[in-house]
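Each residue of the sequence shown is one higher than the last, beginning at 464 in the numbering used here.
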Amino acid sequence: METAIIPVTPITPTDNNDLVSSEVQSNKRRRKKSIVWDHFTVETVGDGCIRACCNQCKKSFAYITGSKLAGTSHLKRHIALGICPVSRQRNQQASDTKTANATYEPRKRQRATPGFANIPFNQERCNHEIAKMIIMHEYPLHIVEHPGFIDFARTLQPQFNMVSFNTIQGDCVAMYLNEKQRLLNFINEIPGRISLTLDLRISNQAVGYVFITGQFIDMEWNLHRCLLNVVMVPSPDSDCALQQAVVSCLSDWQLENRLFTLGFDQSFSNVNINQNLRALFSVRNPYMLHGQFLIGNCFARIISLLAQEALWSVGETVKKIRDSVKFVKTSDTHEETFFGLKEQLKVPSMKDIFIDDQTKWNTTYDMLAASCELKQVFLCLETSIPDYNLAPSMDDWKQIEILCTYLKLFFDAVSILTGPTYPNASAFYHEVSKVQLELTHAAMSNDPFISNLTKPLKEKFDRYWSDCFLVLAIAVVMDPRFKMKLVEFSFSRIYGDDAGMWIKIVDDGIHELYLEYIAQALPPPETFVEERNGSIIPEQNGGVILKTEPPEDGYLHEEGYLQEEQTHEAAPQEVSHHEVAHQEDPHHDVAHREVSDQEVVSQGVTHQEEASQEVPSQDPLISIGDGLSDFEVYISEISGSHQMKSELDQYLEESLLPRVQDFDILGWWKLNRTKYPTLSRMASDILSMPFSTVGPDSVFDTERKKMDNYLSSLRPVTLEALICAKDWLQYGGPSQSCEANVKMEF
């Protein structure tokens, strides 16, 4: 009920700090009025209650209540700070028209801000900043022709001459070329290889755009991921579309012999496209592990497909929950009733319900998870709102809770892709193997709902696991906290009694890959590197450097050295013969590789023993001198055999590092690169492998992104410049640490 205002004779108001007298004496001299009373009038509302009413917006404020005086500070703020809407509007009009009746306070002397008073106007710098603004915030190039933006810029700086569309387009391309040269210089300095991923977007005109992203580790062991090219392909369905885009990128960035892995999504490819990419990959890459590094599945998209299928399998129940949420959120009355029931029922959940975005499956998961925690409120809602007849049953809620269990599994798995930094390759094994294990276990559940829900999901994920498990396992072996032990542990849970066979495939695969790196570091196979002291390094020995050091006491004569050299000469011929056999069957299975570094080591030890046995003894006594010289020879032999172990075997045999939070795996390899020179090069390439082709903002997408009409209307060079330059500027890529000067050719 509103209080009736009783009109009374206005009294003389006082200043903020004056005391109020209950009786106003007419014979006393009036006190000086505050300036606020030019804008307010006092009115008596009741006994001992006087309020101040704004003359402009008619809003009422407390002034006197009994013996308490509210003062005038809040009244001054209402006028001076522009809180009064009528006063603010009139002041703006008066400022614009500068009427003669307006009164202004004397202008106060303003002190110039140090450092800004004498800065000269720079038109080129302004043009540069406008181009940077357009790139980073995806503003249209035509913004420089919008009247509102032109007026805004001229208000800030009257000397500024607004640039034309063609000029700002050229400035954006020039900035792109400058950043590209910096990035190119940086990539040319990295010691290892680079991995590429392909993503395809199609415009409404059926024109394709291939987004090619590069990932690599620099000299300081920092992982970088940056967009390299956006290649327009007029016919995205053609068999050579992706192949041509990759060739263009490799040539553009001088990466012809530096490609390590190539990742793409088979959802936008066919058999012919896959074969063309595999043929290209076999030429541009030494074909390590027989094409295993051609990764044809995107981890984020695979998980997204699983989540969508799980939601579709219980679609009717999900729709009930979504409709119930809409019923509450689309009416203020319903929402107030809902949260009132929540308070009455004392539901401890702190989550709020919201309507999901069906193009992002994680929002549907969040909606279902929040609704499950508030299901008691939904069950009681129909008693408070008779129109609500959408309440799901208890069986429906049980199904949603089971569904959320597996949606959470998927959500946690791909959340590593949404962090501020892109994870290294070893982090993916944990998530992928966990999903594989949980789906395998769930598919055998006695609960028919769980088994029916997860069996189709397991079948889809089995195909992804079979294609990628070897590369994933090799990546996690490069983590000194796990090595082969985590593979052995997880495989035993996934494969059961058959785990040994799959573990051997991983062990053979990583040794074969190591031999590939050894072979790359050696001179041509026809030559030998021979040292006078008897050290012979055959080029085809699998990367094991055999050295036979002579004893310090001259135990071996010159003839012994000659015999040793002759003994070693046969080794390259044997290995060469085996390599010919290997070339005749390039597609042999990793698990049946016939030559390993252990065999080469054993051959070297055999040659050394033969050379030692052929040396004649010249002393009838067994012991020499004090009897400890033989001990020194024995220690030398033991040390020599230990040194003949490969870097990989030494690494695998060392103890695991303790699991600590925020372990820096790249930092560990940086510190140990001198200890493992060849293995660290291999680790650098492996740990930079990408397993997702999409960016962090597209991880949860249920639909493939399309190229919008504005970007597709631009020239290809301009489109690539705007998209790539934004990626480099937004994420502060490696180009920021380099210096270059590129002039635009536009």
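Heads up, the beta-carbon is just placed ideally off N, CA and C, and yes, glycines get one too.
At the 8 Å Cβ level, is Thr-800 part of the contact set with chain B, yes or no?
The chain labelled as chain B is not found in the depicted structure, where only one protein chain is given.
Can you tell which of Ser-834, Leu-844, Tyr-927 has its C-alpha closest to the C-alpha of Asp-859?
The shortest Cα separation from Asp-859 among Ser-834, Leu-844, Tyr-927 belongs to Ser-834.
Can you tell me where the alpha helix (DSSP H) holding Phe-912 begins and where it ends?
Start and end: 911 to 940.
Quick one: measure Cβ to Cβ for Ala-938 and Ala-982, integer angstroms, because I've assumed they're closer than 8 Å.
Actually they do not touch by this definition, with Cβ atoms about 21 Å apart.
Helix, strand or coil, according to DSSP, for Ile-680 in the structure here?
Note: Ile-680 maps to strand in three-state DSSP.
Enumerate in chain order the residues of its own chain whose CB-to-CB distance from Leu-1174 is below 6 Å, with the five nearest sequence positions on each side excluded.
Closer than 6 Å at the Cβ level, and outside the excluded window around Leu-1174, lie Leu-1182.
Taking Tyr-851 as the reference, which of Met-907, Tyr-885, Lys-792 has the closest Cα?
Checking every option, the nearest Cα to that of Tyr-851 belongs to Lys-792.
Between Gly-677 and Ala-704, is the Cβ-Cβ spacing less than 8 Å?
Contact: no.
Looking at the unbroken beta strand (DSSP E) that takes in Glu-448, where does it start and where does it end?
Residue 448 falls outside the range modelled here, since the chain spans only 464 to 1209, and no answer is possible.
Determine the contact status of Phe-679 and Ser-1151, defining contact as a CB-CB distance below 8 Å.
Going by C-beta atoms, Phe-679 is nearer than 8 Å to Ser-1151.
Helix, strand or coil for Arg-1136? Go by DSSP, reduced to three states.
Reduced to three states, the DSSP call for Arg-1136 is coil.
Given a threshold of 16 other Cβ atoms within 10 Å of its Cβ, counted over all protein chains shown, does Glu-799 qualify as buried or as exposed?
Label assigned to Glu-799: exposed.
Trp-1191: buried (16+ other C-beta within 10 angstroms of its C-beta) or exposed?
Flag for Trp-1191 reads buried.
I'd like the ranges of any beta strand (DSSP E) spanning at least 3 consecutive residues and lying wholly in the region 818 to 863.
Entirely contained in the region 818 to 863, not one beta strand (DSSP E) run reaches 3 residues.
Assuming Ile-546 contacts Ile-593 (C-beta within less than 8 Å), just tell me the rounded distance between them.
Going by Cβ atoms, the distance from Ile-546 to Ile-593 rounds to 36 Å, so no, they are not a contact pair.
Return the chain-ordered list of same chain residues with a C-beta closer than 7 Å to the C-beta of Ile-766, the five sequence neighbours on each side being excluded.
Answer for Ile-766: Phe-873, Ala-876, Val-877, listed in chain order.
Using alpha carbons as the reference points, say which of Arg-956, Ala-936, Lys-782 lies closest to His-974.
The option with the nearest alpha carbon to His-974 is Ala-936.
What beta strand (DSSP E) runs, 3 residues minimum, are completely inside the region 676 to 723?
Fully enclosed beta strand (DSSP E) runs of 3 or longer: 686 to 696.
On the premise that Leu-659 lies in contact with Cys-712, defined as a C-beta separation below 8 Å, what is that separation, rounded to the nearest angstrom?
Cys-712 to Leu-659, Cβ: 7 Å. Contact.
Under the assumption that Ala-763 contacts Val-1157 (Cβ atoms under 8 Å), give the Cβ distance between them as a whole number of angstroms.
About 5 Å; that satisfies the 8 Å criterion.
Grab me the residues of Leu-690's own chain with a C-beta within less than 6 Å of its C-beta, minus the 5 sequence neighbours each way, in chain order.
Thr-676, Cys-1187, Asp-1190, listed in sequence order.
Quick check on the burial criterion: 16 or more other C-beta atoms within 10 angstroms. Buried or exposed for His-1212?
Residue 1212 falls outside the range modelled here, since the chain spans only 464 to 1209, and no answer is possible.
Leaving out five residues before and five after Ser-896 in sequence, what residues of the same chain have Cβ atoms less than 6 Å from its Cβ?
Here the set comprises Ser-953.
What are the boundary residues of the alpha helix (DSSP H) that Phe-801 is part of?
Note, Phe-801: alpha helix (DSSP H), 795 to 808.
Can you name the residues that DSSP bridges to Phe-674?
Partner(s): Asp-662, Val-693.
Could you tell me the distance, in whole angstroms, from the CA atom of Tyr-869 to the CA atom of Phe-1154?
If you take the alpha carbons of Tyr-869 and Phe-1154, they lie about 21 Å apart.
Let me confirm a value: Gln-1193 is counted as buried when at least 16 other C-beta atoms fall within 10 Å, else exposed. Which label applies?
Burial call: exposed.
By how many angstroms is the C-alpha of Leu-686 removed from the C-alpha of Leu-1111?
The alpha-carbon atoms of Leu-1111 and Leu-686 are separated by roughly 23 Å.
For the beta strand (DSSP E) that contains Arg-514, what are its first and last residues?
Taken as a continuous stretch (DSSP letters only), the beta strand (DSSP E) holding Arg-514 covers 512 to 517.
At what residues does the beta strand (DSSP E) containing Tyr-526 begin and finish?
Its beta strand (DSSP E) spans residues 523 to 528.
Restricting to runs no shorter than 3 residues, where is the beta strand (DSSP E) found entirely within the region 585 to 644?
Correct list: empty.
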